[in-house]
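*Asks:*
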Amino acid sequence: MHSQRFSNLINLMASHNLDAIALNPGFSLRYLTNLDFHLMERPTVLLIRKDGKTAFVLPKLESTRAERSFSKEQLFTYGDNPATWSEAFKSAGNYLQIGKSVVGVESTRLRFLELNFLKTSLPESKIISADEVFANFRIIKEESEIRLMKTAAQIAQKALIDTLHTPVIGKSEKELASLLTINLLKNGSGELPFPPIVASGANSADPHATPSDHIVQPGELLLFDWGASYEGYASDITRTFAVGEVDPDFHAIADIVMRANRKGFMAAMPEVTTGSIDDATREVISQAGYGDYFFHRTGHGLGMEGHETPYIFSENSVVLQSGMVFTIEPGIYLSGKGGVRIEDDVVITENGAESLTDLPRELQKIR
């Protein structure tokens with residue numbers, strides 16, 4: 226158990242008037258305990274009372290791992306018979322004495338399976354979303370986390386460089402995505418935070434395109450959106466290339482997107498809102514006449530997850546603080562023709578911002 230992270234969570238619970246929280250397997254549980262459990266058919270829930278007392282409900286087969294971070298009296302295990310599972314939840318609730326409490330849960334992760342056991346074992350408790358608590362729980366990265374994210378970015382960048390050592394013309398998007406995946410793993414990535422996007426020609430106008438059998442041709446744009454993970458932390462990068470000679474308009478569009486990316490980066494500093502970064506990038510693109518063709522937010526937080534808080538959109542009033550990490554990824558997408566996106570990973574520092582990614586942002590020509 227990380228003591229400082231645990232203290233931060235207890236303080237957040239107090240500020241949101243929660244008597245307890247319930248965590249099931251996922252990023253927040255791993256962040257807190259350094260234990261990596263996967264969602265499966267058997268329920269696993271960590272209950273934490275507002276004074277820090279904990280109870281961990283989990284399958285008996287997982288108890289050895291849990292004992293690394295918890296005492297035996299904190300573990301409430303069950304066997305293979307589903308009829309016995311509810312008893313473990315009831316025992317945990319009795320141990321914590323939270324029978325008439327406000328219990329917060331992570332609504333984006335808790336399944337009906339766990340929710341049903343919680344409701345059955347705590348019938349007089351009120352179970353509510355604690356998403357705001359969890360949004361703030363991991364939003365400030367420690368120096369050790371930032372170092373891991375820098376490494377994840379370096380792995381991803383090296384993997385793309387290796388991928389582009391071979392000609393792209395004549396290969397399908399799927400082939401290039403497969404090659405990039407192999408190079409990510411060869412360079413030290415753990416489980417990929419998301420499948421790489423490789424989109425060429427008209428497909429590059431779809432921000433979340435899926436690699437297809439389309440064969441890359443000269444004169445097309447070729448967009449890569451990819452990332453690596455290192456010791457549980459993610460990177461997320463996008464670069465767009467010209468395959469041979471492309472329409473001069475694409476070079477002009479790429480320059481606009483690059484200027485928007487750089488203006489967003491220059492706007493990133495402590496004590497400004499996340500919305501102001503979106504406004505900065507969007508202003509460049511709108512003034513160039515392409516405002517209607519930039520139709521997604523400027524970025525999203527990054528950490529253990531490929532997408533987490535803070536989210537970079539105009540209406541967001543979250544104030545940036547040193548240690549927040551997020552992407553800046555403006556784009557212009559012309560349906561039926563192609564799209565350009567440039568995405569960097571950025572950390573807020575005490576005096577401004579630092580980019581964790583440094584691959585060239587210009588529209589480079591490849592073959």
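Position one of the sequence shown corresponds to residue 226 (our numbering), numbered consecutively onward. Think of the CB as a built atom: it goes at the ideal place given N, C-alpha and C, for glycine as much as any other residue. It should be emphasised that the depicted structure is a prediction, and the values quoted were computed from it without experimental measurement.
Give a yes or no on whether the C-beta atoms belonging to Phe519 and Gly556 are separated by under 9 Å.
*Replies:* Walking along the sequence shown from the start, residue 519 turns up at place 294. Walking along the sequence shown from the start, residue 556 turns up at place 331. Yes, Cβ-Cβ distance for Phe519 and Gly556 is below 9 Å.
*Asks:* Using the rule of at least 16 other Cβ atoms within 10 Å of the residue's Cβ for burial, across every protein chain shown, is Met618 buried or exposed?
*Replies:* Residue 618 lies beyond the stretch modelled for the chain, which goes from 226 to 592, so this question has no answer here.
*Asks:* Leaving out five residues before and five after Ser288 in sequence, what residues of the same chain have Cβ atoms less than 7 Å from its Cβ?
*Replies:* Start at 1 with the first residue of the sequence shown, and residue 288 comes out as number 63. Leu300 and Thr302, listed in sequence order.
*Asks:* Can you tell me which of Asp480, Asn249 and Arg267 puts its alpha carbon nearest to the alpha carbon of Leu260?
*Replies:* To locate residue 260, count along the sequence shown from 1; it is residue 35. When only C-alpha atoms are compared, the closest one is Asn249.
*Asks:* Could you please give the first and the last residue of the uninterrupted beta strand (DSSP E) stretch that includes Phe466?
*Replies:* Taking the sequence shown and counting its residues from 1, one reaches residue 466 at position 241. Segment Ile462 to Val468, the beta strand (DSSP E) holding Phe466.
*Asks:* Flag this pair as yes or no: are the beta carbons of Pro443 and Ile422 separated by less than 9 Å?
*Replies:* Along the sequence shown, one-based indexing puts residue 443 at 218. Along the sequence shown, one-based indexing puts residue 422 at 197. In this structure, Ile422 does not lie closer than 9 Å to Pro443 by Cβ.
*Asks:* Could you please give the first and the last residue of the uninterrupted alpha helix (DSSP H) stretch that includes Ile510?
*Replies:* Sequence index remark: in the sequence shown, residue 510 carries index 285 (1-based). In this chain, the alpha helix (DSSP H) harbouring Ile510 covers Thr499 to Gln512.
*Asks:* Measure the alpha-carbon distance for Thr506 versus Asp570 and round it to whole angstroms.
*Replies:* The residue you call residue 506 lines up with position 281 of the sequence shown. The residue you call residue 570 lines up with position 345 of the sequence shown. Going by the C-alpha atoms only, they are around 15 Å apart.
*Asks:* With respect to the beta strand (DSSP E) encompassing Lys590, which residues constitute its N-terminal and C-terminal limits?
*Replies:* As a first step, residue 590 must be located in the sequence shown, where it is residue number 365. Note, Lys590: beta strand (DSSP E), Gln589 to Ile591.
*Asks:* Exposed or buried, what is Pro178 when buried is set at 16 or more other beta-carbons lying within 10 Å of its beta-carbon?
*Replies:* The structure shown does not extend to residue 178, since the chain is modelled only from 226 through 592, so no value can be given for it.
*Asks:* Closest to Thr376 by C-alpha separation, out of Leu446, Ser454 and Ala245, would be which residue?
*Replies:* Taking the sequence shown and counting its residues from 1, one reaches residue 376 at position 151. It is Ser454.
*Asks:* Grouping DSSP H, G and I as helix and E and B as strand, with all else coil, what is Thr523?
*Replies:* Position 298 of the sequence shown, counted from the start, is the residue given in the question as residue 523. Note: Thr523 maps to coil in three-state DSSP.
*Asks:* At 3 residues or longer, what runs of the beta strand (DSSP E) sit wholly inside the region 309-337?
*Replies:* 327-330
*Asks:* Considering Cα atoms alone, identify which of Leu527, Glu533, Tyr256 and Arg566 is closest to Ala378.
*Replies:* Here residue 378 refers to the residue found at position 153 of the sequence shown. The option with the nearest alpha carbon to Ala378 is Leu527.
*Asks:* Which residues in the same chain have their Cβ closer than 6 Å to the Cβ of Ile478, if we skip the five residues on either side of it in sequence?
*Replies:* The residue you call residue 478 lines up with position 253 of the sequence shown. Correct list, in chain order: Ile557 and Val565.
*Asks:* Return helix, strand or coil for Phe419, following the three-state DSSP convention.
*Replies:* Along the sequence shown, one-based indexing puts residue 419 at 194. Residue state, collapsed to three classes: coil.
*Asks:* Could you check where the beta strand (DSSP E) with Phe579 kicks off and where it finishes?
*Replies:* One-based indexing of the sequence shown puts residue 579 at position 354. The question names Phe, yet the displayed sequence has Glu at residue 579. It spans Ala578 to Ser580 - the beta strand (DSSP E) in which Glu579 sits, taken as one unbroken run.
*Asks:* When you compare each of Asp276, Gly500, Pro268 and Ala381 to Asn306 by their alpha carbons, which one comes out closest?
*Replies:* The residue labelled residue 306 in the question sits at position 81 within the sequence shown. Of the candidates Asp276, Gly500, Pro268 and Ala381, the one whose C-alpha sits nearest the C-alpha of Asn306 is Pro268.
*Asks:* Is the region 348-363 close to the region 237-244, with three or more CB pairs under 8 Å?
*Replies:* yes
*Asks:* In or out: Asp450 buried (at least 16 other Cβ within 10 Å) or exposed?
*Replies:* Taking the sequence shown and counting its residues from 1, the one referred to as residue 450 is at position 225. Classification of Asp450: buried, given that the 10 Å Cβ count is 16 or more.
*Asks:* For Asp450, which three-state DSSP category applies?
*Replies:* As a first step, residue 450 is located in the sequence shown; it is residue number 225 there, counting from the start. DSSP places Asp450 in strand when its eight states are reduced to three.
*Asks:* Would a C-beta distance cut-off of 9 Å place Met529 and Gly426 closer than the cut-off?
*Replies:* Taking the first residue of the sequence shown as position 1, residue 529 is located at position 304. Taking the first residue of the sequence shown as position 1, residue 426 is located at position 201. Not closer than 9 Å, so no.
*Asks:* Since Tyr303 sits in a beta bridge, which residues does DSSP pair it with?
*Replies:* Within the sequence shown, numbered from 1, the residue matching residue 303 stands at position 78. Pro284.
*Asks:* Helix or strand or just coil, what does DSSP make of Pro535?
*Replies:* To locate residue 535, count along the sequence shown from 1; it is residue 310. If DSSP states are grouped into helix, strand and coil, Pro535 belongs with the strands.
*Asks:* Between Ile481, Asn576 and Glu416, which has its C-alpha nearest Met494's C-alpha?
*Replies:* Numbered from 1 along the sequence shown, position 269 holds the residue referred to as residue 494. Of Ile481, Asn576 and Glu416, the residue nearest in Cα terms is Asn576.
*Asks:* Considering only residues of the same chain and omitting the five flanking positions on each side of Glu349, which have a CB-CB separation below 7 Å?
*Replies:* Indexing the sequence shown from 1 puts residue 349 at position 124. These residues qualify, in order along the chain: Gly324 and Lys325.
*Asks:* What is the DSSP secondary structure of Ala245, reduced to helix, strand or coil?
*Replies:* Walking along the sequence shown from the start, residue 245 turns up at place 20. Three-state result, Ala245: strand.
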